[in-house]
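Notes for the one structure printed next.
In my numbering, the protein residues as written are 448 to 628.
Below, the structure is given as structure tokens:
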């Protein structure tokens, strides 16, 4: 079995046997000039750490979390322990009922950019934020400062949990997916 993932000019190949992986690379070199860089450590912004003896891999996006914290001005903010306030009910905002000042304030917020970054994090290595991101992403066309504040709270949660890694695999059947520090 050979599985190859391609993104622009980068690709990752994994195989059931080393010989199969080598054969795949040999076949690729017949058509393209490629570089064999060894064991993958990063792929599309996701850091990869392998634990071959325990048949596991850990994925993290600490660099992206740090960039989000800086980009959205949360370097000096205190971390929070939950990604979203329990019981928070976000609602669609009827922009026609907002004052011109409220509308201008909402339109200046980089809500789309922040939610897009959070979606990539949730998909790549942070399923713990998936529910909060799903809630925030429903309001890309009708957000307000309430939605923005909820998104910023999620950034503050990420600040406090930036070193968490998604742990895949392992020897224990009950430990197929989990978080480790």
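Every residue, glycine too, gets a C-beta built ideally from N, C-alpha and C.
Contact under 8 Å by Cβ, residue 607 with residue 546: no
Euclidean distance between Cα positions of residue 594 and residue 583: 7 Å
So for residue 571, helix, strand or coil by DSSP? helix
Contacting residues, own chain, Cβ-Cβ under 7 Å from residue 579 (five flanking each side not counted): 530, 531, 601
Between 456, 477, 472, 555, which has its C-alpha nearest residue 449's C-alpha? 472
Would you list the one or two residues that DSSP bridges to residue 497? 504
Where does residue 465 sit, in a helix, a strand or coil, going by DSSP? helix
Could you round the C-beta distance between residue 493 and residue 609 to whole angstroms and report it? I think they count as a contact, below 8 Å. That pair is no contact at about 14 Å.
Alpha carbon to alpha carbon, how far is residue 478 from residue 561? Give it in angstroms, no decimals. 40 Å
Exposed or buried, what is residue 508 when buried is set at 16 or more other beta-carbons lying within 10 Å of its beta-carbon? buried
To the nearest angstrom, how far is it from the Cα of residue 518 to the Cα of residue 470? 44 Å
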